[in-house]
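The opening position of the sequence shown corresponds to residue 160 in this note's numbering, with each subsequent residue numbered one higher.
Idealized CB from N, CA, C, for every residue including glycine.
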Amino acid sequence: MRIFATDKGTPPVIAQPAPKPEILARRAEILAALSALVPGDGVIGDATRLKPYETDGLAAYREVPLAVVLPRTTEQVAAVLRYCHETGLRVVPRGAGTSLSGGALPLADSVVIGLMRMNRILDINLEDRFAVVEAGVTNIGITKAVEDDGFFYAPDPSSQLACMIGGNVMMNSGGAHCLKYGVTANNLLGLKFVTIEGEVIDIGGAHLDAAGYDWLGLITGSEGQLGIVTEVTVRILRGPEGARAMLAAFKGTEIAGAAVDAIIGSGIIPVALEFMDKPCIHACEAFAHAGYPLDAEAMLIIEVEGSTAEQDDLLNRIKAICERFDPISLKVADSVEQSLAIWKGRKGAFGAVGRISPDYLCMDGTIPTSELPFVLKRIGEMSAQFDLKVANVFHAGDGNLHPLIMFDANDADSFRRAEEFGAAILTLCVEVGGCLTGEHGVGVEKRDLMSVQFTARELDQQRALKTAFDPQWLLNPSKVFPLQETPAAIAAE
160 MRIFATDKGT
170 PPVIAQPAPK
180 PEILARRAEI
190 LAALSALVPG
200 DGVIGDATRL
210 KPYETDGLAA
220 YREVPLAVVL
230 PRTTEQVAAV
240 LRYCHETGLR
250 VVPRGAGTSL
260 SGGALPLADS
270 VVIGLMRMNR
280 ILDINLEDRF
290 AVVEAGVTNI
300 GITKAVEDDG
310 FFYAPDPSSQ
320 LACMIGGNVM
330 MNSGGAHCLK
340 YGVTANNLLG
350 LKFVTIEGEV
360 IDIGGAHLDA
370 AGYDWLGLIT
380 GSEGQLGIVT
390 EVTVRILRGP
400 EGARAMLAAF
410 KGTEIAGAAV
420 DAIIGSGIIP
430 VALEFMDKPC
440 IHACEAFAHA
450 GYPLDAEAML
460 IIEVEGSTAE
470 QDDLLNRIKA
480 ICERFDPISL
490 KVADSVEQSL
500 AIWKGRKGAF
510 GAVGRISPDY
520 LCMDGTIPTS
530 ELPFVLKRIG
540 EMSAQFDLKV
550 ANVFHAGDGN
560 LHPLIMFDAN
570 DADSFRRAEE
580 FGAAILTLCV
590 EVGGCLTGEH
600 GVGVEKRDLM
610 SVQFTARELD
620 QQRALKTAFD
630 PQWLLNPSKV
640 FPLQETPAAI
650 AAE
């Protein structure tokens, strides 16, 4: 990311394409046309009601959009996209706005299409184990709809109470349990997808594999660059016989990282394997009162599932591995209530850190687990280098890091150092064989780092694919691709 023209006391500004004067001049006409397509209270145009849409979970950046449209049907989404295509209007898709990469940050001349009113569960088939839901259904809402029958939807991002399945598809979200069950892409069967021209396309369906090209794989994780998803067909899974969590506390972050690598290297795949360092442990304990060990420098939350005998076997094997690293304490939950208490702190970690810092950046790099000790050591050294505190909480089992860099957004120098710190962490992730993002997406946060991971030719291929779906580059503009490398004809629009 790059900061432009910031002063202490004013919000940071990120480079965005200049608004098109001819679009701004036609605002009243555009609002009227959109209102005809989505009647009633489906269009927001007044300044006060537009304010909640000026930012997403990366709240350091803000821009009030031209208009917000709240469709209720796929047909309305198609009609709005068709109109925007014909008019040259930029479009920003939005779900719950929980994106931590600025994926739903609007432009001043853009139309935000919010999918939160498309929140119906359309079909549940327990025999074939799938559910068809609209894009505005919350992640947890899918599990709530099937849990009484003994089923669940596996991906569980920390924001699952609020985040919506359409956004999960666009960012290919994961969660604590993705170590065993996979991320969103591994739990999808089909999509209903609307192109910028307003064409509605059905991809995949209730069957396991779709014929032909892997369009499902292409669209998942595409961050709204190729079109808008309005319906999703997901796998639902039979719930396990039972599950138990354990805590393993260690004297150092590098030691805990080595324990993680040893567990994964042994061939054991827990259902979840989470990491928290001392600052995060203290913040979460003050928030959730989960009984976390405050004398530990780092802690692992490890969950296994299956029959009681299977749980006992796995926990005993994991305990034996952890004991090789001289733990401060090992605690195994004896009940469902104790397991829930252990997870309460982890699920509330982002909010808990928000209580001890006015702002933070949440990084999302992914690395090989064998590199955890080295990378955690370097993050500690970088913290001293940039003079900023950092709390580490992440999905350790698959190496998906979430360092929380604490700063003050009203202090331009503090924010500049936070961005540089974040860029250094992500660059390090790529250097050790990882990648820029595991589940948050690129958005505006990492767009200027794309050339760290990809060659110029690889980026050109990605842009060519984007152009094939969206020739005018109207869909979620200024995201993913570095602005200074955007084709000149597009940047000038």
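Residue i versus the options, residue with shortest Cα-Cα distance
i, options, result
"D661", "D368, F311, L473 and Q384", "Since the first residue shown for the chain is 160 and the last is 652, residue 661 is missing from the structure and cannot be characterised."
"L248", "K179, H448 and G334", "K179"
"H336", "L240, G556 and A442", "G556"
"S425", "G376, W374 and T528", "T528"
"D472", "C322, R403, A174 and I182", "R403"
"R241", "R397, Q631 and A365", "Q631"
"A369", "G216, L350 and G300", "L350"
"R394", "F434, F352, I427 and N345", "N345"
"L499", "A627, I460, V250 and R476", "I460"
"A568", "G593, L259, H366 and L217", "L217"
"L367", "I427, I324, F289 and T354", "F289"
"I360", "Y340, A543, G386 and F310", "G386"
"L634", "I584, R483, Q235 and I272", "I272"
"E590", "D523, V534, H244 and T297", "V534"
"L474", "Y451, K506 and I427", "I427"
"C243", "E356, L585, G199 and I480", "E356"
Residue i and residue j closer than 8 Å at C-beta
i, j, result
"G295", "G254", "yes"
"F553", "H561", "yes"
"V580", "F545", "Checking the displayed sequence, the identity of residue 580 turns out to be Phe instead of Val. Closer than 8 Å, so yes."
"T257", "G333", "no"
"L375", "L338", "no"
"E222", "P265", "yes"
"I526", "G558", "yes"
"A421", "P486", "no"
"V270", "P230", "no"
"L274", "D308", "no"
"E540", "G592", "no"
"A174", "L595", "no"
"D215", "A267", "no"
"A219", "D607", "no"
"G504", "E464", "no"
"C588", "G524", "yes"
"C322", "T302", "no"
Whole-angstrom distance between residue j and residue i, CA atom to CA atom
i, j, result
"M160", "L209", "Legend: pLDDT at M160 = 31, less than 50; position of this residue unreliable, no value from coordinates given."
"H448", "R514", "14 Å"
"T207", "C521", "29 Å"
"F163", "M609", "Since pLDDT at F163 reaches only 30, below the 50 mark, its modelled position is unreliable, and the value read off the structure follows with that caveat. One C-alpha to the other measures close to 19 Å."
"I362", "E413", "44 Å"
"V388", "M329", "8 Å"
"K124", "Q319", "Beyond the ends of the chain as shown, which are 160 and 652, falls residue 124; an answer cannot be given."
"G699", "I203", "Not covered by the structure: residue 699. The range shown for the chain is 160 to 652."
"N551", "D454", "16 Å"
"V601", "A468", "43 Å"
"S637", "L225", "16 Å"
"E293", "D572", "43 Å"
"E382", "N331", "9 Å"
"P399", "D315", "16 Å"
"A195", "A304", "34 Å"
"K167", "I564", "Its pLDDT being 40, under 50, K167 is placed unreliably in this model, and the value from its coordinates should be taken loosely. Those two C-alpha atoms are separated by around 19 Å."
"V603", "R476", "43 Å"
"A445", "G510", "11 Å"
"S260", "K605", "7 Å"
"S516", "F566", "7 Å"
Supposed contact pair residue j and residue i - C-beta distance, whole angstroms, cut 8 Å
i, j, result
"A508", "I501", "That pair is no contact at about 12 Å."
"T379", "T343", "6 Å"
"A442", "E462", "With a Cβ gap of about 21 Å, A442 and E462 do not count as contacting."
"L183", "V228", "So it is not a contact: roughly 17 Å between Cβ atoms."
"F434", "A417", "With a Cβ gap of about 12 Å, F434 and A417 do not count as contacting."
"V236", "V353", "5 Å"
Backbone secondary structure at residue i - three-state DSSP
i, result
"Y220", "coil"
"A554", "Correcting the residue type first, residue 554 is His in the shown sequence and not Ala. Strand."
"F580", "helix"
"P641", "coil"
"M277", "coil"
"A418", "helix"
"D454", "coil"
"L547", "coil"
"N345", "helix"
"K605", "coil"
"C322", "coil"
"L624", "helix"
"T257", "coil"
"F533", "helix"
"G539", "helix"
"P636", "coil"
8 Å Cβ cutoff, residue i in contact with chain C
i, result
"D205", "Checking the listed chains, one finds no chain C in this structure; it contains a single protein chain."
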